[in-house]
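Visitor: In the working numbering, the protein residues as written are 568 to 745.
We put the beta carbon where it would ideally sit given N, CA and C, even for glycine.
Being a predicted model, the structure only gives us computed values, none of them experimental.
One structure is given below, represented as structure tokens, and several questions about it will come after.
Structure, rendered in structure tokens:
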């Protein structure tokens, strides 16, 4: 992903890894990552008001994204996010990623769920979760480049591991102490 982003965006971007333990306690470790993201975004947005953000997450990293997004509910901060690319999102199983984000995020999330992925699509092929996303990074980088350039677009990837039309549960998401 890093290589694809560099190829698409060059020096217009800086890639920053989220600092969190990514441990077996998924809820707590992703909450720790979310707190780091919220602090980072607020600090950097104050330091450089013209700065914009994009997010990429795989599996537990998707949980970090959703929790951080909930902690960055301020409209001015949300406007600074150009998009997010997600792979193997555990929240797909809970309620469908694209159905549970605020309307302000419409068209800003590229949600990838490989066929057979048990984490996001209810499949029974763990390898789909582990290696089912190779070859998707160029498309993800192009998606973020389009969002950075102000273009709109479809937020559903060509991977269709979970196509259920599920209700919006956004209001029931806890704040996770952010």
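#1: Pick out whichever of 617, 583 and 641 has its Cα sitting closest to the Cα of residue 672.
#2: Do the segment 680-695 and the segment 711-721 make contact, defined as three or more Cβ pairs closer than 8 Å?
#3: Let me confirm a value: residue 591 is counted as buried when at least 16 other C-beta atoms fall within 10 Å, else exposed. Which label applies?
#4: Going by beta-carbon coordinates alone, are residue 588 and residue 597 separated by less than 7 Å?
#5: Name the one or two DSSP bridge partners that residue 620 has.
#6: What are the residues that DSSP puts in a beta bridge with residue 654?
#7: Can you tell me whether residue 670 is buried or exposed, with buried defined as 16 or more other CB within 10 angstroms of its CB?
#8: Rounded to whole angstroms, what's the CA-CA distance from residue 656 to residue 685? Just pull it up for me.
#9: Please report the residue range of the alpha helix (DSSP H) in which residue 603 lies.
#10: Name the residue from 620, 635, 703 and 599 whose alpha carbon lies nearest to the alpha carbon of residue 586.
Guide: Reading off the structure:
#1: 641
#2: no
#3: exposed
#4: no
#5: 648
#6: 625 and 679
#7: exposed
#8: 10 Å
#9: 593-614
#10: 599
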